[in-house]
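Q: Going down the list, the sequences are from chains A and B.
Under this note's numbering, the first residue of the first sequence carries the number 1, and numbering increases by one thereafter.
Under this note's numbering, the first residue of the second sequence carries the number 1001, and numbering increases by one thereafter.
No residue lacks a Cβ here, since even glycine has one placed at the ideal position from N, Cα and C.
Quick caveat: nothing in here was measured; it's all calculated off a predicted structure.
Protein chains: 2
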Amino acid sequence: MQENTIIRERLARLRVAMARRGVDACLIPTADHHQSEYVADHFKAREYFCGFTGSNGTLVVLNDEAGLWTDGRYFIQAERELAGTGVTLYRMADEGVLTINEFLKEKMRDAETLAFDGRCITASFGQGLEEDLTPQGVRLDYGFDPAEAAWPERPALPCHPVYVIEDALAGKGVRGKLSEVRAKLSEEGAQCLLLTGLDAICWLFNIRGNDVECSPVALSYALIDGEETSLFIQNEELTDAVREHLSAAGVKVRDYREIGEALAALDLNGRAVLLDRKVTSYAVKKSLEDAAERTGGRVIEGTEPVTLLKAVKNGTELANIREVYLRDSAALTRFLYWVKTNIGKVPMDEVSVAKRLDGMRAELPGFIELSFPTISAYGANAAMMHYEATPEKYDELKPEGVYLVDSGGTYMGGTTDVTRTIALGPVSDEIRKHFTAVAVGMLRLANARFLKGCTGRNLDILARGPMWDMNIDYKCGTGHGIGYILNVHEGPHNIRWRALPGEKEAEILPGMIVSDEPGVYIEGSHGIRTENILEVTEGVKNGDGQFLGFAMLTWVPLDLDLIDPAYLDPASRTQLNEYHCLVREKLEPLIEEEEIREWLREATRAI
Amino acid sequence: MQENTIIRERLARLRVAMARRGVDACLIPTADHHQSEYVADHFKAREYFCGFTGSNGTLVVLNDEAGLWTDGRYFIQAERELAGTGVTLYRMADEGVLTINEFLKEKMRDAETLAFDGRCITASFGQGLEEDLTPQGVRLDYGFDPAEAAWPERPALPCHPVYVIEDALAGKGVRGKLSEVRAKLSEEGAQCLLLTGLDAICWLFNIRGNDVECSPVALSYALIDGEETSLFIQNEELTDAVREHLSAAGVKVRDYREIGEALAALDLNGRAVLLDRKVTSYAVKKSLEDAAERTGGRVIEGTEPVTLLKAVKNGTELANIREVYLRDSAALTRFLYWVKTNIGKVPMDEVSVAKRLDGMRAELPGFIELSFPTISAYGANAAMMHYEATPEKYDELKPEGVYLVDSGGTYMGGTTDVTRTIALGPVSDEIRKHFTAVAVGMLRLANARFLKGCTGRNLDILARGPMWDMNIDYKCGTGHGIGYILNVHEGPHNIRWRALPGEKEAEILPGMIVSDEPGVYIEGSHGIRTENILEVTEGVKNGDGQFLGFAMLTWVPLDLDLIDPAYLDPASRTQLNEYHCLVREKLEPLIEEEEIREWLREATRAI
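(1) Here's the rule I'm using: 16 or more other beta-carbon atoms within 10 Å means buried, otherwise exposed. How should residue 1523 of chain B be labelled?
(2) Counting only runs of 4+ residues fully inside the stretch 1121 to 1163 of chain B, write out the alpha helix (DSSP H) ranges in chain order.
(3) In chain B, which residues lie less than 8 Å from residue 460 of chain A when you measure between Cβ atoms?
(4) With distance defined between alpha-carbon atoms, name the residue in B:1023, B:1167, B:1453 and B:1195 nearest to residue 1288 of chain B.
(5) Just to make sure I have the definition right: I need the residues of chain B whose C-beta is within less than 9 Å of the C-beta of residue 454 of chain A. Which are they?
(6) Indicate the three-state DSSP secondary structure (helix, strand or coil) for residue 374 of chain A in the structure shown.
(7) What does the alpha-carbon distance come out to for the pair residue 1104 of chain B and residue 1087 of chain B?
(8) May I ask you to report which of helix, strand or coil DSSP gives residue 1455 of chain B?
(9) Could you tell me the alpha carbon to alpha carbon distance between residue 1276 of chain B and residue 1505 of chain B, rounded to whole angstroms?
(10) Can you check whether the CB of residue 1270 of chain B is closer than 8 Å to the CB of residue 1302 of chain B?
(11) Residues of the stretch 1202 to 1235 of chain B in Cβ contact with chain A at a cutoff of 7 Å, in chain order, please.
(12) Could you check if residue 500 of chain A is buried or exposed, using at least 16 other CB atoms within 10 Å of its CB as the buried criterion?
(13) Between residue 570 of chain A and chain B, is there a C-beta pair that is closer than 8 Å?
(14) I'd like the span of the beta strand (DSSP E) that includes residue 1077 of chain B, first residue to last.
(15) Taking the alpha-carbon positions, what's the residue 427 of chain A to residue 347 of chain A distance?
(16) Give the range of the alpha helix (DSSP H) segment to which residue 1111 of chain B is assigned.
(17) For residue 547 of chain A, which residues in chain B fall below 8 Å Cβ to Cβ?
(18) Does any C-beta atom of chain B lie closer than 8 Å to the C-beta of residue 540 of chain A?
(19) With contact counted as at least three CB pairs below 8 Å, one residue from each stretch, are the stretch 1455 to 1468 of chain B and the stretch 1386 to 1405 of chain B in contact?
(20) Determine which residues of the stretch 1428 to 1451 of chain B have a Cβ less than 8 Å from any Cβ of chain A, and write them out in chain order.
(21) Short of 7 Å Cβ to Cβ, which residues in the stretch 556 to 567 of chain A face chain B?
(22) Cβ of residue 544 of chain A less than 8 Å from any chain B Cβ?
(23) Buried or exposed, going by whether 16 or more other CB atoms sit within 10 Å of the CB of residue 235 of chain A?
(24) For residue 1132 of chain B, which residues of its own chain have a beta-carbon under 6 Å away from its beta-carbon, when the five flanking residues on both sides are left out?
(25) Quick one: what's residue 1175 of chain B bridged to in DSSP?
(26) With distances taken between CB atoms, is the gap from residue 545 of chain A to residue 398 of chain A smaller than 8 Å?
(27) Looking only at DSSP bridge pairs, what is residue 1016 of chain B linked to?
(28) State the DSSP-derived secondary structure class of residue 1462 of chain B, mapped to helix, strand or coil.
(29) Extract the residue ranges of the alpha helix (DSSP H) inside the stretch 1394 to 1435 of chain B, only unbroken runs of 4 or more that lie entirely within it.
(30) Excluding the five sequence neighbours on either side, which residues of its own chain have a C-beta within less than 8 Å of the C-beta of residue 1092 of chain B, listed in chain order?
(31) Among residues of its own chain, excluding the 5 on either side of residue 344 of chain A, which ones have a beta-carbon nearer than 6 Å to its beta-carbon?
(32) Within 10 angstroms of its Cβ, does residue 362 of chain A collect 16 or more other Cβ (buried), or is it exposed?
(33) I'd like to check one pair, residue 1075 of chain B with residue 1115 of chain B: are the Cβ atoms closer than 8 Å?
(34) Which of helix, strand or coil does DSSP assign to residue 492 of chain A?
Encoded structure:
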């Protein structure tokens, strides 16, 4: 194995900075100051110091060793990217693998110092560190920014224009949203809230920005303080139109960089501020606690209310989302048609075809940006759940085996996410068996009927069961929420078989949007995923309760070349045929070319 | 509606006692001092004061009103039994129905007193009352025993001989079990434990008793105090053999009535005592806290370790259980044969046929007692989940409709539980549809494969889904654990779609026993339940984790007269046929009579 000297030098520089500050261990999460899932380059210190490019991972650097913790989606990719860096991969949730806290407990001694940037970890995570490490005499230094200290070429803070989402598109005005938030706050006994989630803030103020790749959000904080509402946002990002929009809603605008000062001056004066330790940073928590002590207020622990309000879509949002998904589905279907009919005739590679698909989306009305970098993975590459082909490293597509494409766009009208796996030529029986099981799982979940009160944990086995029946698991959740002209991943709900650590599982509620994406990932061989997006709908209400179900939002054929009827039970076969019948009915009006229509009819034939 | 004067007089007497003590509200749970599910007559104060005979319910008596809280299994029965008593039924978990605490919060005022017997509620429940009521100035008086105060004819404390379960039958000796408990205690950082659960104590000391109906347990407490172990049990219950058995295991025996004194004298001397607020009484918690304060010890909150140790059966237990279930299944099958072939020819009623079945069990080797009172319910009666026919009130069985029998025995070798619903003649299409859905649910759960780490909440939808698909729910869990020559219901695991309030859901582990009993209950029409008992087994272990599955313990035909193939998907049909094939294979050697064997072959034919 060759040494990765670039990473080794960066780590050496970091260790010098650590020594200078008297720090024995440094923890670097993948996070900005807002717990965003995707972070701007300015905040990519974890990637900088270890070379792992996945979207989730925490680096711990000691004087003589370093470890990276990441989840099952990234095991294969991280193994490759960490090679030669001297950084050890810790496979999270695998049997016998130490957690970060267990590792630190084992390594750190009395009077040693663990340093991190308290703005980049949640209050909850910070409290866990306190509980696990301070009893053994470890000191926490939460004011250390490793990027500031040892990343000379660090990119600047992103700064892009903000725009307004008009009420007709948002379905609800800012004043209305603010009263709902205040009502929820008051239910929790609080009058004050510091919002830090960028998607929550953009939703609340009906604005969007462009500070984070694939997330139409702006760096910001919002402070709801009694009757007063302040938005902290970079002055340079605001146009007059945005200023007017905010002012009309009674929102006071302050510069993003004033948040520290504002928190230091926060006067609670007997009032209570709500703290959600799952979303608020450790540093902000400390500031709020200081404010409470300093000015005679209280910190109440609770659930930040915007995330749930945002997750339950209103009628306008739902109508727009349905429309956007239909057009997005038609674009993807055209793309799949092109790939399937031209493979072997036209040269294709993972990067070139992704570019083609991205281009097709960009031409759709209201296109803003991709909702995440398109995952375009051929053959064994698709076994890496979040594989990203790059111009430097990609594979050719050949007329054999399977190709997986997971993609989506954000449009003025909704954010999409969809995955299809297609045959490019002959495939093994095993692949067809796996594809069929994945299709069965996707359809079973999509056709579920269940009582209100269920969380995703009640439903996960419907999608995952066909894989478990083959002694196969996919090491990720089955489904995630999706924002409205916002982040492609949002909570509070999800569909998983195990709760995330410390998660307060959220009920599945009518109006929520959730993905349904079971898969099979066989390292070194193939990866299969089929992802439809579902809208939660109300069913019958009777003496037994309120029944709920799902409606499909995605209308893209599942590749029948990959279905092995031997593994398709009759109920799933009916569901597949019914789905394809609707796909045909819905897409035909959007497709003019007779040859594509003909292909579509064949691709959606009843089997 | 006629007034129930007996109950009204009892409540009046209780209110006089309350007034004398200055009590404004009195809470009477269904509980002994050990949180047993079935309680001895001595402890049936709740039933005495309101007339409701179900196994779960809490009565709250105010000066001018009274309410009974019970769960979905009992709504129909409670409605009937409370008629004319003036006691209002509160349907727990129904939408908009106040919880007990919400009710008390609404009704009670500053400086008023809520009284209860602190020995009869859990520490957890008591703490909930403290948190909800003391802020509004309500005083809690936990030393009030309403039975002592207003139940002149209260039965005496039960007192029956105890016997020993030899090591060969227990599979593990007392000393071995005690070291496992001490190891678990030490993992929690504790050295001291007061065990109050009667089944936990009997399992730990390899003894059984007869103080509670349908539970082979003895009233007792156990104190593990460093290296010393004491069993508090009524002296009159002990034979020399039991004393020798306990003494050989190093267990000190003290009288049951000395527990108060022992707790008052408990010297922790710097040590920590483990408190599990879910199983320990509020009164004991107060005593332990006193002891900790008085003698410089600590109370550590944690999970009482015996329940889990007991739930994971050892090899000897499993081998005996399999054998016992086989014989028990053969007896029930003979019974079903007799009912189905004699209905319309021989007079039958719910009580007489139950007596016949109970008698057949009593003749089996090693029979100790019924594991619960046989539920023998014809027609609409079966819609009441825990219906009990009595010599005073029962129905005739007629050659039409369906009959449900839920029954079991405790034998030297295991405790059984099984439900079958059979056609006695012509039935409606709806009944066959419902029966088929129940069978499909039971079989899907029994045939599940899943990863270690799942709790019952991950699996419940497999059994319940076919009912939800018809917009029908059954208002109870799908499955419960079962003891070994012990209680028919045991934790810590279960199969439910929602966790019980405050429940720490337990993983399903290999060696556990769990019931699989979906149902359909249509008030006023019919009730259907099919219950098999499952053993959790280990499947493949690979890079994705340890897969688990179930093996059947119950071998009794499902009535094919009630299966409507239109609702039977092919996978379920295969599972049903495979199950019936095994039933036939396993039961044939146990049945000598050719006419029954012939009937069995027909009843288990492939469809």
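A: In brief:
(1) exposed
(2) 1123 to 1133 and 1146 to 1150
(3) 1458
(4) B:1195
(5) 1461, 1497 and 1498
(6) coil
(7) 15 Å
(8) strand
(9) 14 Å
(10) no
(11) none
(12) exposed
(13) yes
(14) Looking at the DSSP string, residue 1077 of chain B is not in any beta strand (DSSP E); the run it does join, the alpha helix (DSSP H), is 1075 to 1082.
(15) 20 Å
(16) Counting along the chain, residue 1111 of chain B falls outside any alpha helix (DSSP H), and DSSP gives it neither H nor E.
(17) 1468 and 1471
(18) yes
(19) no
(20) 1448, 1449, 1450 and 1451
(21) none
(22) yes
(23) exposed
(24) 1101 and 1105
(25) DSSP, once it has assigned bridges, lists no residue as partnering residue 1175 of chain B.
(26) no
(27) Bridge partners of residue 1016 of chain B: none, in fact.
(28) helix
(29) none
(30) 1069, 1070, 1071, 1072 and 1099
(31) 399
(32) exposed
(33) no
(34) strand
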